[in-house]
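Undergrad: For the sequence shown, counting from 1, position 16 maps to 15 in numbering that gives the first Met the number 0; every step adds exactly one. Glycine included, each C-beta is placed from N, C-alpha and C at the ideal position.
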Amino acid sequence: MKKILLLNGPNINRLGKREKEFYGTFTLEDIENDVGALVQKHGYELDCFQSNHEGELIDCLHKADGVYKGIIFNPAAYTHTSIALHDAIQSISTPVIEVHISNVHQREAFRHVSMTAPACHGQIVGLGALGYQLAAQAFITD
Ligand code: DQA
């Protein structure tokens with residue numbers, strides 16, 4: 000099972016254009032290419048999916064169960080609201096590492112709470128695009 004899933008939630012497709020002070024100038028494509036190159040070096044394959052729709056993210060998590068070594072997931076704004084995503088992560092046995100590009104704890108109070116993190120294997124916050132690579136590294140070396 001030498002496959003890893005990179006999953007991104009709402010507005011992550013706007014990276015490079017949106018709020019550059021928080022999210023930098025890199026694009027989602029840059030992240031997918033960089034993580035893909037890293038995992039390939041270790042003999043892993045990367046699948047990537049991004050959606051702005053909660054239900055599509057839930058369906059993707061369900062389908063991913065047992066298929067991947069691990070899932071790197073930035074649930075974006077759904078992090079702070081979605082019990083349904085928490086339950087979807089909880090319902091699968093494949094480990095999920097939650098990633099946030101920005102340091103959500105330095106931002107508005109509503110970003111300080113993660114509904115999804117308690118169901119996750121780990122969480123990486125505030126390290127920019129590097130966070131995705133570190134999450135991949137965790138699954139590769141695990
Ligand atoms: C984010 C942080 C969330 O609060 C925000 O809604 C996002 C991106 C991050 O990667 O820093 O869309 O998940």
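#1: State buried or exposed for SER81, treating a residue as buried only when at least 16 other CB atoms are found within 10 Å of its CB.
#2: Whether or not the region 106–121 and the region 36–52 are in contact is what I'm after, with contact meaning three or more pairs of Cβ atoms, one per stretch, closer than 8 Å; do they touch?
#3: Decide if THR143 is buried, meaning its Cβ has at least 16 other Cβ atoms within 10 Å, or exposed.
#4: Since ASP46 is in the beta strand (DSSP E), which residue starts that stretch and which ends it?
#5: Cβ of VAL103 within 6 Å of any heavy atom in ligand 1?
#6: By Cβ distance below 7 Å, which residues in the same chain neighbour ALA150 in space, the five residues on each side in sequence not counted?
#7: Among GLY121, ASN7, SER92 and MET0, which residue has its Cα nearest to the Cα of LEU27?
#8: Under the DSSP definition of a beta bridge, which residues are partnered with PHE72?
#9: Please state whether the Cβ-Cβ distance between ILE30 and ASN73 is less than 7 Å.
#10: Give every residue of the same chain whose Cβ lies closer than 7 Å to the Cβ of PRO9, excluding the five residues on either side of it in the sequence, and list them in chain order.
#11: Does the distance from the C-beta atom of ILE123 to that of VAL98 stay below 7 Å?
#12: Following a CB-centred definition, is ALA76 positioned closer than 6 Å to any heavy atom of ligand 1?
#13: At the level of alpha carbons, what is the spacing between ALA87 and MET0?
#14: Taking buried to mean at least 16 other C-beta atoms within 10 Å of its own C-beta, is SER92 buried or exposed?
#15: I believe PHE21 touches LEU14 by the beta-carbon criterion, under 8 Å. Please report the beta-carbon distance rounded to the nearest angstrom.
TA: Reading from the atomic positions:
#1: buried
#2: no
#3: In the structure displayed, the chain extends from 0 to 141; residue 143 sits before or after that span and is not available.
#4: 44–49
#5: yes
#6: No answer is possible for residue 150: the residues shown for the chain start at 0 and end at 141.
#7: ASN7
#8: LEU6 and GLU97
#9: no
#10: ASN51, ALA75, ALA76 and TYR77
#11: yes
#12: yes
#13: 21 Å
#14: exposed
#15: About 10 Å separates the two Cβ atoms, so there is no contact after all.
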